[in-house]
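Report on one structure; see the data block that follows.
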Amino acid sequence: MEKLNYEVLKKSGYDGYILESAPEKVMQFGEGNFLRAFVDYWFDVSNERVGWNGKCVLVQPIAPGLATLINEQEGLYTLYLRGRENGEKVDRKRVISCVSRCLNPYESADFDSMMELARSKDLEYIVSNTTEAGIVYDPACQLADRPASSFPGKLTQVLLERFNAGGTGLVILSCELIDNNGKELLRCVNQYIDQWGLSEDFRKYVNEDCTFCSTLVDRIVPGRIRDPEEVARLEQEHGYADPLLDVGEVFGVWNIEGPAWLEEKLPFKAAGLNCPVVPDVTPYKKRKVRILNGAHTGFVLGAYLAGFDIVRDCMQDETVLGFMNKMLYDEVIPTLPLDKKNLTDFAAAVQDRFNNPFVNHELMSISLNSTSKWRARDLPSLQEYVAEKGELPRCLVTSFAAYMAFFSNDIQELTDKGLVCRRAKGNEYTVSDDRFVLEFYYDHRNDDAETLTHAVMTDERMWGMDLTAIPGFEAAAAEALKKIRSEGALKAYADCL
Numbered sequence: 011m012e013k014l015n016y017e018v019l020k021k022s023g024y025d026g027y028i029l030e031s032a033p034e035k036v037m038q039f040g041e042g043n044f045l046r047a048f049v050d051y052w053f054d055v056s057n058e059r060v061g062w063n064g065k066c067v068l069v070q071p072i073a074p075g076l077a078t079l080i081n082e083q084e085g086l087y088t089l090y091l092r093g094r095e096n097g098e099k100v101d102r103k104r105v106i107s108c109v110s111r112c113l114n115p116y117e118s119a120d121f122d123s124m125m126e127l128a129r130s131k132d133l134e135y136i137v138s139n140t141t142e143a144g145i146v147y148d149p150a151c152q153l154a155d156r157p158a159s160s161f162p163g164k165l166t167q168v169l170l171e172r173f174n175a176g177g178t179g180l181v182i183l184s185c186e187l188i189d190n191n192g193k194e195l196l197r198c199v200n201q202y203i204d205q206w207g208l209s210e211d212f213r214k215y216v217n218e219d220c221t222f223c224s225t226l227v228d229r230i231v232p233g234r235i236r237d238p239e240e241v242a243r244l245e246q247e248h249g250y251a252d253p254l255l256d257v258g259e260v261f262g263v264w265n266i267e268g269p270a271w272l273e274e275k276l277p278f279k280a281a282g283l284n285c286p287v288v289p290d291v292t293p294y295k296k297r298k299v300r301i302l303n304g305a306h307t308g309f310v311l312g313a314y315l316a317g318f319d320i321v322r323d324c325m326q327d328e329t330v331l332g333f334m335n336k337m338l339y340d341e342v343i344p345t346l347p348l349d350k351k352n353l354t355d356f357a358a359a360v361q362d363r364f365n366n367p368f369v370n371h372e373l374m375s376i377s378l379n380s381t382s383k384w385r386a387r388d389l390p391s392l393q394e395y396v397a398e399k400g401e402l403p404r405c406l407v408t409s410f411a412a413y414m415a416f417f418s419n420d421i422q423e424l425t426d427k428g429l430v431c432r433r434a435k436g437n438e439y440t441v442s443d444d445r446f447v448l449e450f451y452y453d454h455r456n457d458d459a460e461t462l463t464h465a466v467m468t469d470e471r472m473w474g475m476d477l478t479a480i481p482g483f484e485a486a487a488a489e490a491l492k493k494i495r496s497e498g499a500l501k502a503y504a505d506c507l
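Structure, rendered in structure tokens:
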């Protein structure tokens with residue numbers, strides 16, 4: 011089977027949208043599955059819907075990467091967006107054609123090509139996703155390096171090349187999963203300006219002419235299909251081989267923090283895409299953490315004790331689904347600062363995302379480090395609900411009880427791998443968390459519900475506070491824990507409805 015390129019695609023009979031040539035408007039640091047299923051998808055759809063007429067040049071942040079393969083396929087790759095949308099199953103194929111080439115700047119010729127692109131009058135945007143560890147200042151980087159090893163070092167080199175050529179300011183869209191990613195990236199660039207003794211005019215160009223945007227990305231990208239039988243079937247359907255084939259969920263939102271004029275400059279609003287420019291992404295991050303992540307942490311531990319193994323099956327159960335929705339709509343959403351319709355629409359999409367027929371998301375994988383997750387994702391909702399309503403949120407209280415039950419259910423032993431427990435279904439499971447948490451639960455393995463609840467709530471290493479200070483929380487959680495231990499988590503969830 012021939013590998014995908016423009017000629018092979020034409021022979022395959024593909025009749026979808028394709029843009030073969032256009033000005034290179036984006037320099038993108040990162041060529042992995044996520045950016046290709048997320049950022050490049052948005053630009054590709056913008057080409058089709060509003061004639062944005064732009065191409066993206068991908069740059070490998072580190073030496074090993076996909077440049078050779080991407081260039082062999084002339085930038086083309088197949089993207090599948092799979093999941094549920096408005097309750098309906100979606101399996102949508104698109105050949106992405108907005109990528110022109112990929113550079114490996116650790117090769118001399120490609121480093122020169124990166125600098126040539128930096129000088130280009132067509133260039134408008136720099137996009138990055140270099141992992142959480144990518145936005146870091148490394149003082150070992152030198153201006154003369156070809157290239158600087160850190161991503162902020164490379165970016166400083168690129169911006170200096172553009173400044174020296176008289177180029178206009180660029181918009182930098184940072185997608186790394188850290189708080190204030192754009193601000194942190196700018197801070198690192200300013201450190202290199204100091205270290206390398208660069209001019210004040212260049213500093214002004216970076217800080218005033220260029221626009222560094224913090225962004226919040228939200229799309230689950232499983233990436234490549236690993237089942238060889240499905241790969242072979244798709245190759246027959248496509249009429250070509252595509253080792254760059256990518257898979258993402260159908261849901262996607264890209265919140266971009268920036269000035270008002272940026273929403274009109276970017277092609278996304280005109281293309282009807284879910285990429286709003288907002289003055290502050292903080293409320294949207296809170297929405298994601300409290301609703302999407304908080305829902306996961308809020309129901310999966312009890313659901314696992316009740317016998318469920320994957321998220322999708324939980325969404326098929328009336329009790330677990332009802333518990334999750336009551337927690338979100340009645341207890342979490344009222345504490346959040348955004349417009350209520352915005353929040354309820356996001357929560358409705360969460361149900362579709364969790365019910366994805368293409369993803370077997372295991373509850374045990376979500377259970378990793380549940381103590382810190384419950385503290386960050388669910389405890390703030392409980393505290394704010396109590397502060398605003400003057401009463402306890404019943405589902406969140408039961409969720410905390412389920413957390414304690416998961417960590418203390420028929421404890422067998424403590425091993426190097428974690429705390430071995432057994433659920434009613436009969437199988438053993440290994441709890442993974444900070445070592446002090448696992449040792450705590452092992453030491454308290456014979457506690458009754460009241461004793462364990464008091465010990466857990468007063469351990470400030472876990473929560474950063476004494477949770478017994480929340481009026482009524484200790485007694486309510488202990489009562490819910492007793493119910494889970496005696497009647498099962500599903501009955502405790504049902505009693506909340």
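Mapping the sequence shown onto our numbering, position 352 (from 1) lands on 362, and the numbers just tick up by one. We put the beta carbon where it would ideally sit given N, CA and C, even for glycine. Bear in mind the structure is a predicted one, so any value in this text is a computation, not a measurement.
Residue i, DSSP secondary structure in three states
| i | result |
| --- | --- |
| Q38 | strand |
| T88 | strand |
| K65 | strand |
| V299 | helix |
| N57 | helix |
| I494 | helix |
| V288 | strand |
| W264 | strand |
| G258 | strand |
| F222 | strand |
| D228 | strand |
| A251 | strand |
| C151 | coil |
| C431 | strand |
| S138 | strand |
| V369 | coil |
| T440 | strand |
Exposure label - residue i; buried when at least 16 CB within 10 Å
| i | result |
| --- | --- |
| W271 | exposed |
| M325 | buried |
| F446 | exposed |
| M11 | exposed |
| A150 | exposed |
| P157 | buried |
| S31 | exposed |
| D54 | buried |
| Q246 | exposed |
| N456 | exposed |
| L85 | Just to set this straight, residue 85 is Gly in the shown sequence, not Leu. The residue is buried, with at least 16 neighbouring Cβ atoms inside 10 Å. |
| D228 | buried |
| L187 | exposed |
Residues near residue i by beta carbon distance below 7 Å, same chain, minus five either side
| i | result |
| --- | --- |
| C405 | F333, K336, M337, E341 and C506 |
| A316 | G498, A499 and L500 |
| S22 | H248, G249 and Y250 |
| Y135 | K35, V36, L180, V181 and L183 |
| R297 | L346, L348, L353 and F356 |
| A128 | V168, E171 and R172 |
| F44 | N139 and V231 |
Closer than 7 Å: residue i CB and nearest the ligand GDP heavy atom
| i | result |
| --- | --- |
| F53 | Among the components of this structure there are no ligands whatsoever, and the ligand GDP is therefore not found. |
Cα-Cα separation between residue i and residue j, rounded to whole angstroms
| i | j | result |
| --- | --- | --- |
| E142 | F309 | 27 Å |
| G42 | L76 | 8 Å |
| E240 | V257 | 13 Å |
| T468 | L311 | 21 Å |
| T345 | V67 | 42 Å |
| V369 | F212 | 48 Å |
| S159 | T425 | 40 Å |
| S107 | L19 | 11 Å |
| G268 | T88 | 31 Å |
| E319 | R432 | A small fix is needed here, since residue 319 is Asp in this sequence, not Glu. If you take the alpha carbons of D319 and R432, they lie about 14 Å apart. |
| I480 | L491 | 17 Å |
| E95 | R243 | 25 Å |
| V263 | S391 | 23 Å |
| Y451 | G61 | 59 Å |
Inter-residue CB distance, residue i and residue j (contact presumed, cutoff 8 Å)
| i | j | result |
| --- | --- | --- |
| V396 | L402 | 6 Å |
| N190 | S224 | 5 Å |
| V69 | F39 | 5 Å |
| R387 | N265 | In fact, because the Cβ distance is near 18 Å, the residues do not count as touching under 8 Å. |
| K164 | S110 | The pair is not a contact, with the Cβ atoms about 19 Å apart (cut-off 8 Å). |
| A504 | T292 | Incorrect: roughly 36 Å between the Cβ atoms, too far for contact. |
Own chain partners of residue i with C-beta closer than 8 Å, once the 5 adjacent residues on each side are dropped
| i | result |
| --- | --- |
| K279 | E273, C285, P286 and V287 |
| S377 | V310, L311, Y314, F416, V441 and S442 |
| V407 | L392, F483, A486, A487 and A490 |
Beta-carbon contacts of residue i that lie in its chain and below 6 Å, excluding the five residues immediately before and after
| i | result |
| --- | --- |
| V394 | Per the sequence presented here, residue 394 reads as Glu, with Val not at that position. Here the set comprises T345. |
| K13 | A251 |
Proximity test, Cβ basis, 8 Å: residue i and chain B
| i | result |
| --- | --- |
| A499 | As a matter of chain content, chain B is missing from the structure shown, which is built from one protein chain. |
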